[in-house]
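Participant: Please see the structure below; I have some questions.
In our numbering, the protein residues as written are 2 to 117.
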């Protein structure tokens, strides 16, 4: 049996921008992507703490150590600059493997999205 489990989570980061005229996705600081083991193009689920919105898109790299979290395209309508979001990705794996799997969990500083 295969099940989906959380693979990566960036917990409580501040949205730094919303660009409705971009073709889509979420731009994430490369440092946060590396720390959470996300890759460019990976499907992510986003939960907006401020308004309860839940939606999916894909990740693209932002400048390293920039703190950037920008929602692009239609997803930009789901957030406002300054909102706090949680970004998650999931992996499909064997049930027994999932019992011992440890996800990559990142808890950045909410003020500037840094890891320090």
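From the three backbone atoms N, C-alpha and C, an ideal C-beta is built for every residue, glycine too.
In this text the structure is predicted, and so the values were computed from the model without any measurement.
#1: Leaving out five residues before and five after residue 2 in sequence, what residues of the same chain have Cβ atoms less than 6 Å from its Cβ?
#2: Let me know the beta strand (DSSP E) ranges lying completely inside the region 27-67, each 3 residues or longer, listed in chain order.
#3: Where DSSP assigns a beta bridge to residue 154, which residues make up the other side?
#4: For residue 73 and residue 94, what's the separation of their Cα atoms in angstroms?
#5: If you follow the beta strand (DSSP E) that residue 71 is part of, which residue opens it and which one closes it?
#6: So, are the CB atoms of residue 116 and residue 10 less than 9 Å apart?
#7: Residues in its own chain within less than 7 Å of residue 48 by CB, not counting five upstream and five downstream?
#8: Measuring CB atoms only, is the region 97-104 touching the region 60-70, in the sense that at least three cross pairs come out at less than 8 Å?
#9: If you count every other CB in all the chains shown that lies within 10 Å of the CB of residue 114, and 16 or more means buried, which is it?
Facilitator: Short version:
#1: 96
#2: 44-49, 55-63
#3: Residue 154 cannot be examined here, being either before or after the span of the chain that is shown, 2 to 117.
#4: 30 Å
#5: 70-73
#6: no
#7: 55, 86, 87
#8: no
#9: buried
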